[in-house]
Every structure is written in structure tokens, then in C-alpha cells.
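Visitor:
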Amino acid sequence: MKKRVLSTLYKHLKKPIVLEKPKDKKLGHFATPIAFSLAKEFKKSPVLIADELAKIFKDEDIFESVQAIKGFINFKLSEDFLDEYATWALKNEEKFGQDSKDEKILLEFVSANPTGPLHIGHARGAIIGDVLSRIGTHLGYKITKEYYVNDAGNQIYLLGLSIFLVGKEKILKEDVKWPDEYYRGEYILDLAKEASEVFGKEIFTDKSFVPKLSDWAKDKMIELIKKDLKNVDIEFDNFVSEKELYKNWPKVLNTLEENGAIYKKDDKIWLKSTKFGDEKDRVVVREDGRPTYLAGDIIYHYEKFRRDYDRFINIWGADHHGYIARVKAAIKFLGFNPDRLEIILTQMVSLLKGGEPYKMSKRAGNFILMSDVVEDIGKDALRFIFLSKKADTHLEFDVDLLKKEDSSNPIYYINYAHARINSVFEKAGKKFEDVWDVKLKDLNEDAKNLLFISLLLPEIIEDAFEKRELQKVTDYLKSLASEFHKFYNEHKVIGSNEEDKLLKLFSAVGLSIRVGLRLLGIEAKRRM
RNA sequence: GUCCUGGUAGCUCAGCUGGAUAGAGCACAGGAUUCCUAAUCCUGAGGCCGCGGGUUCGAAUCCCGCCUGGGACACCA
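Residue numbers for the first sequence, in my numbering: 84 to 611.
In C-alpha cells:
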């Protein structure tokens, strides 16, 4: 809708126009403060300019009225236009909100170390990434979902070591000296038990077996993570192994050297990342010849940029923010444009239950499992709440609130609207498609307003995707449900003179709720 | 100390490419059901938009300084 209005206005003005929501919805559907900016140019009062423009726009069919008030120009869309659009949308549910963006995007997210099950912090990035991909794909972007598996390095060794030590202590009943850092949690003991079945207890007798345990456990953890993700309806297109990437390390290192990106100092190899904005240079190869974690990321991004994509989006935990500068510096050294890489940071999640705070730490072992929360409140509620706040702000929520069956639980509230719509149709003995060709005219103001709001979904999802602010979608669905409930309470549908028209209106509301939720990976309930 | 982020109603937050009286939800108080799902709705109260300065016809929004919460500052991932 907005696009139609913009192109109509552009036809007359030939200037980019800002369209916004009028302060008061009674004023109209859209408004523009364009007269204020033109005032400077033409040295004329914005009020006069607005009056003149309003007269010009008035003759356009898509507007019912165009009014200039105090320099603002307010537009009301015509019923014919709204009806036509609604009819099309209802008959083309799959296409509703679709667009034809033409960009190939590589979206990397989750990428949690395969050293344990996913915790609630990972879930946030997972859900945001998944929904970005769902919405982006709907808008026409070609999106590949990728998981970078850190299957090399110290953390994986620690995983094996942790299993080894637990096995030694709990299965062999030997005394164990615990290092400062190791993985805790029951799953380590479970793995140790399973390992003793697979390999025999002897596996815990000698430290030289640790790599074997590491390798075995890592694969198990990857499977576990995939299962955790599957349970919230998230699937990836690719899993990229860090270990595999190291095959290309000599080549990448060589390229870096040729481009003057690295130097040797203290028997180590350093990246001159300060040259491109990093705080200090970073070690990429230690004195014993082992590459650092950064090396893996450099190879990974080198390979990424060699692939055929227009844009790269990484979703990282906010604790990685210090990494941005060095990775971008490396990309630049490799001869690519780092602006094509965009990093979305997700902030911490604090979980409450009955007002009690939980502190999470994967390494400490007392972290909250994503799977536990899913079991507790369901994947739909988890998805909704994680999407309802901007990625880079702290998210705090109480799981008990999401179990409540009233309006304090947004997912419940929205589903209730959808179920109500279905129920009204059922009571009326009609199917959605029965009313699609009913002509909407002479609707009351409330109905017209609700119709307009229900047709806003396409611009909401586009805005949400472009700004990477998915809470715009959840906010929209909440307000659409609210407008619907309000209307429902004030206007009787069944048996009224307007029955079919209002049913069509309800059908449009249901459409947006259903499509909106589907893009969030949530199925709208038809009955409650 | 440096770098990110945030500071708006009791709580959680939206608004931030400057614009029309600062919004929503929750919580709180009152009210609505012979009638399509009251799992809902309506009404009410509640605000130096962290503080101070600046730019502007106009600042919650932009700039500078300060106060303050959180995070990051590895040869760990």
C-alpha cells in the first residue's frame, strides 16, 4: 500500500517523500511533512505549500481524501483501493507480502561450539537468524543459512578432557585433580558413561585417549545441537567445519603475506589489524605453530567472500563484539570489501521464573538449556518472546508469564484473535472463500480502520527485515489483535446487515495474523 | 582507562533518517456478559523523555560534556 502511495506522490513531485503515520488515526492513513522541507526551498510557508499539494493529490483514485492541516498533508485511502487489495491478498495468501528483492545473502548464525547442548543465549541468535531468513526469503532474497562449527582447538580438547576426568572419577572411582577450566554439567557424565560403553573403561586410564574422546564427543554434540534446533523448527543449509578450513590455511597465510598483512615478532605471526581500525595487532599463529581462533575466522571469511554472495550477515553474541574490527581488517587485507559483511550482535538473556533470576554460564555448568525452556513454555512462546525485543538489548523475561492464559501473554492474545475469527465463521456457517468476492463499501470508520491495519503486514515485514528489527513484526501482530478484539466487542457480525462484509474484513485480519505468525515460525491456532 | 550498548509511566519497552497534544503492554482502581469465545473490551490514574549546554522556526530524536546500568577489551572459543 505504502508503495502505491509513494509512487503516486512521486509522480507529481519527483522528489523522495517521507511517509509516516498521522499522529491521530482519525486524520487518515498516511501523512507527510514534505511541505516543511519544501518551505525552505521555495521560501514559502509550509501551510500554503501543503494546501496547494493537497489540491493536486486529491484527484488520485487511490485517495478518498487529502487534507492539509498545519503543514502536514494527510491521506485517506479509498475503500475501492483497500477492497481491491484485500481481495487480491485473500485469494493469494502465499504471495501476500512477497516481494522480489534480488540479493544473495549468506546468513551465519548460532555457530555455538559443539561442546554441549544449546543454552538459552544461543536460542536468541538462533531464532533471530531463522526468522530473518524466513522473512528475507519471503521478500525475495536468496538466503543461505550457515553454521560455522568450531570443531578444532582448545575447547574441543577441554570437552574430551572433561569427559575423561569425569570418567576417571565417577566410573573408575579414582581421585582426580581438576584443572581450572573444564566443562561441567550432567551431560558430561552421560557422555562418560556412554563412552565407557563404546570404548570400554580403559578409555579413562590414559590421557593420551583424550583426543579420541574429544573427536567422538564433538560429533555427538553436533547431533545434539541439530536436534535442539530441529525442536524449534530451525534447520541449516550448510555446516562449515573449522577443521576442514585449515587445509587452506597455507594459501590464506600466503595471501596475507603478499598483501603485507602480517609480520613476525617473538616467534609468532601477527596480523596488522591496527592498520584498519583495530585496537591492537592480533596473533594469528602462536610460537608453537598452532594457529589461533582468529586464523580460523580469517580462512572462513576468505572462503565466504570467494563464494557468490552480495552480502554476508553474521549473528554473534555481544561478547564477540571485539572481534568485528579484526575480522573486518583481515577481510580488507585479503582484498575484499568488509562493508559487505554485516554483524548483528545479540545481547544477553536473563531468564526469570517466578521472579527468581538465573545466571547463565555455559562453562560453569549451571546454564539453562534451550530444550528445557522449550519443554516448559513451548517453542512458539519462546520464539515470540525472543523476537519481541531488539537483538542488541538485554532481554529479561519470566517464563511463568508465558504460561498465563490471558492478555498478559501476547502469543495467547494473538492466537485468541485468530481462533475467534475462525469461530465466527464456523458459527456463521461460512468458509473464508465464501466472502472474498463481497464488495466492501460504506464500511463504518472502525471497520475501515481495521481493514487498513490488516493490510499493513507487507510493509511491516519489509521494514523489519531491512532494519533487522524483528520486534516490529511482533508489535504489529499485537496491535492488530488488539484492534480486532476491540472491534469484535463493539460490533456484532452474525445476523447484522453487514455480515458478509464484516466476515471478509475478519478474513483479512486472520490472513495477516496467520501469515505474520508463519513468518515468525509460529503456527496460528484455529481453535482454542 | 578504551570501545560497544542502554538510561522515556511503578515494571517491560516502542518512538530516535528532527515535526502536529510523548505512546503501548503489564501491574493498579473502577466498569461491561439475556447477544458471534469475558482467554475479551471500556474508563481512570500514572511522565523535569538520566543531568547540563549547544544547533534549529521546532529536540525524546542531532552535536558536545557529565552522571549511571550492562557488556567487551586473550596467544579461550
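Idealized CB from N, CA, C, for every residue including glycine.
Decide if residue 211 is buried, meaning its Cβ has at least 16 other Cβ atoms within 10 Å, or exposed.
Guide: It counts as buried.
Visitor: Below 8 Å between beta carbons: does that hold for residue 291 and residue 250?
Guide: No, they are not a contact pair.
Visitor: Determine the burial state of residue 273: buried for a count of at least 16 other Cβ atoms within 10 Å of its Cβ, exposed for fewer.
Guide: exposed
Visitor: Assess contact between the segment 504 to 520 and the segment 465 to 476, defined as three or more Cβ pairs (one per stretch) separated by less than 8 Å. Is contact present?
Guide: No contact exists between the segment 504 to 520 and the segment 465 to 476.
Visitor: Bridge partners of residue 227, per DSSP?
Guide: 189
Visitor: Can you grab the Cα-Cα spacing for the pair residue 624 / residue 109, in whole Å?
Guide: Residue 624 falls outside the range modelled here, since the chain spans only 84 to 611, and no answer is possible.
Visitor: Just list the beta strand (DSSP E) runs in the segment 270 to 343, keeping only unbroken ones of 3 residues or longer that don't cross its boundaries, in chain order.
Guide: 321 to 324
Visitor: Scan the segment 477 to 555 and note each continuous beta strand (DSSP E) run of 3 residues or more that stays entirely inside, going in chain order.
Guide: 478 to 481
Visitor: Would you mind working out which of 102, 325, 107 sits nearest residue 115, comparing C-alpha positions?
Guide: Ranking the options by Cα distance to residue 115, first place goes to 102.
Visitor: Can at least three beta-carbon pairs, one atom from the segment 171 to 189 and one from the segment 216 to 226, be found at a separation below 8 Å?
Guide: Output reads yes: the segment 216 to 226 touches the segment 171 to 189.
Visitor: Output the distance between the C-alpha atoms of residue 86 and residue 485, rounded to the nearest integer angstrom.
Guide: 37 Å
Visitor: Report all residues from its chain with a CB closer than 6 Å to the CB of residue 98; omit the five preceding and five following residues, and keep chain order.
Guide: none
Visitor: Where does residue 410 land, buried or exposed, given buried means 16+ other C-beta within 10 angstroms?
Guide: buried
Visitor: Kindly confirm or deny that the segment 212 to 219 and the segment 248 to 267 touch, where touching means at least three C-beta pairs closer than 8 Å.
Guide: The segment 212 to 219 is not in contact with the segment 248 to 267.
Visitor: For the ligand MG, any of its heavy atoms closer than 7 Å to the Cβ of residue 193?
Guide: Ligands in the displayed structure: none, and consequently the ligand MG is not present.
Visitor: What does the alpha-carbon distance come out to for the pair residue 610 and residue 498?
Guide: Spanning the two alpha carbons is a distance of roughly 9 Å.
Visitor: On the criterion of 16 or more Cβ atoms from any shown chain inside 10 Å, does residue 105 qualify as buried, or is it exposed?
Guide: Flag for residue 105 reads buried.
Visitor: Can you name, in chain order, every residue of its own chain whose Cβ lies under 7 Å from the Cβ of residue 89, other than the five neighbours on each side?
Guide: 100, 102
Visitor: Report the start-end ranges of each beta strand (DSSP E) in the segment 357 to 415 that is 3 residues or longer and not cut off at the edges.
Guide: 365 to 368, 394 to 400
Visitor: Expressed to the nearest angstrom, what Euclidean distance is found between the alpha-carbon atoms of residue 268 and residue 276?
Guide: 13 Å
Visitor: DSSP three-state call for residue 170: helix, strand or coil?
Guide: helix
Visitor: What whole-angstrom Cβ distance do residue 305 and residue 201 have, given they're in contact under 8 Å?
Guide: So it is not a contact: roughly 11 Å between Cβ atoms.
Visitor: If you reduce the DSSP assignment to three classes, tell me which class residue 103 lands in.
Guide: strand
Visitor: Alpha carbon to alpha carbon, what distance is there between residue 168 and residue 162?
Guide: 10 Å
Visitor: Rank 131, 435, 460, 326 by C-alpha distance to the C-alpha of residue 239 and give the top, closest one.
Guide: Of 131, 435, 460, 326, the residue nearest in Cα terms is 326.
Visitor: Excluding sequence positions up to five away, which residues of its chain have a Cβ less than 6 Å from the Cβ of residue 95?
Guide: 139
Visitor: Find out if the Cβ-Cβ distance for the pair residue 335, residue 382 is shorter than 8 Å.
Guide: yes
Visitor: Within a Cβ cutoff of 7 Å, which residues of the same chain sit near residue 444, ignoring the five residues on either side of it in sequence?
Guide: Here the model assigns residue 444 a pLDDT of 44, short of 50, so the residue's position is not dependable, and the following value carries that caveat. Once the five neighbours on either side are set aside, the close Cβ partners of residue 444 are 450.
Visitor: Could you spell out where the alpha helix (DSSP H) holding residue 203 opens and where it closes?
Guide: From DSSP, the alpha helix (DSSP H) with residue 203 extends over 203 to 221.
Visitor: For the pair the segment 136 to 155 and the segment 490 to 505, tell me if three or more CB-CB distances fall below 8 Å.
Guide: no
Visitor: Are there 16 or more other CB atoms within 10 angstroms of the CB of residue 346, so buried, or fewer, so exposed?
Guide: exposed
Visitor: Just to confirm my understanding: we take residue 331, look at its own chain, exclude 5 residues before and 5 after, and list those with CB closer than 8 Å. What are they?
Guide: 382, 385, 386
Visitor: Quick check on the burial criterion: 16 or more other C-beta atoms within 10 angstroms. Buried or exposed for residue 605?
Guide: buried
Visitor: Are there 16 or more other CB atoms within 10 angstroms of the CB of residue 256, so buried, or fewer, so exposed?
Guide: With fewer than 16 Cβ atoms within 10 Å of its Cβ, residue 256 is classed as exposed.
Visitor: Roughly how far, in whole angstroms, is the beta-carbon of residue 219 from the beta-carbon of residue 548, given that I think they are within contact range, below 8 Å?
Guide: 6 Å
Visitor: If you follow the alpha helix (DSSP H) that residue 118 is in, where does it begin and where does it stop?
Guide: 117 to 125
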